[in-house]
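Structure (structure tokens):
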């Protein structure tokens with residue numbers, strides 16, 4: 772029987788609360804990759820749904836809100852998260868001089884298992900389209916996810932808090948900028 776703390780919901784809560792013991796548990800559980808990827812996709816979908824619902828609320832009767840109002844924030848979140856994880860991993864590896872020989876083998880996948888759960892506070896993104904609280908929800912969610920990722924990076928890559936914070940901030944800026952360019956290109960080419 773599965774231990775209750777190893778279920779997806781308890782792990783999401785533990786990641787959001789900064790439980791440092793969670794990251795060793797995730798590194799030792801190869802099956803957690805499915806849960807971690809699910810969390811990232813869930814948060815991306817929640818962000819897209821929040822924006823779509825807000826647009827449907829604002830659109831006059833008879834007009835179409837368009838699928839792009841769901842897809843663009845969902846893809847932005849998904850692509851941005853993946854690039855942030857990738858650039859964080861490579862930055863810490865480069866600065867700390869650790870070998871990236873396991874990059875396509877175990878090391879990067881273990882890292883993804885850990886940082887996938889750090890997207891959990893992104894469930895607040897459902898509120899981004901709500902007037903008055905939307906901007907605060909976006910900011911709170913972004914800062915909370917970054918804090919959770921810093922803890923995950925520190926624990927899973929055994930680096931200092933300073934290096935983890937530097938890598939996460941740098942990777943987030945680069946990853947989100949690239950994601951924004953990709954989304955702008957995709958939706959400029961084929962409006963949905």
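In my numbering, the protein residues as written are 772 to 963. All C-beta atoms in this analysis are idealised placements derived from N, C-alpha and C, irrespective of residue type, glycine included.
Residue from the options whose Cα sits closest to the Cα of residue i
i: residue 886; options: 853, 912, 898, 866; result: 853
i: residue 867; options: 925, 894, 893, 911; result: 925
i: residue 857; options: 792, 944, 799; result: 944
i: residue 841; options: 808, 826, 850; result: 826
i: residue 900; options: 792, 818, 790; result: 818
i: residue 804; options: 879, 937, 949, 847; result: 879
i: residue 816; options: 807, 839, 844, 793; result: 844
i: residue 788; options: 806, 814, 922; result: 922
i: residue 800; options: 881, 846, 955; result: 881
i: residue 828; options: 951, 888, 902; result: 902
i: residue 951; options: 851, 932, 927, 936; result: 851
i: residue 796; options: 888, 911, 958; result: 888
Residue i (DSSP reduced to helix, strand or coil)
i: residue 899; result: coil
i: residue 788; result: coil
i: residue 802; result: coil
i: residue 887; result: helix
i: residue 939; result: helix
i: residue 808; result: helix
i: residue 817; result: helix
i: residue 904; result: coil
i: residue 867; result: helix
i: residue 778; result: coil
i: residue 912; result: helix
i: residue 931; result: coil
For residue j and residue i, believed in contact at Cβ under 8 angstroms, the rounded distance
i: residue 934; j: residue 863; result: 6 angstroms
i: residue 896; j: residue 778; result: Going by Cβ atoms, the distance from residue 896 to residue 778 rounds to 22 angstroms, so no, they are not a contact pair.
i: residue 939; j: residue 859; result: 5 angstroms
i: residue 806; j: residue 782; result: 6 angstroms
i: residue 958; j: residue 839; result: 6 angstroms
i: residue 814; j: residue 848; result: 6 angstroms
Self-check item: Stretch pair the segment 944-956 + the segment 914-930: three plus CB contacts closer than 8 angstroms
Solution: no
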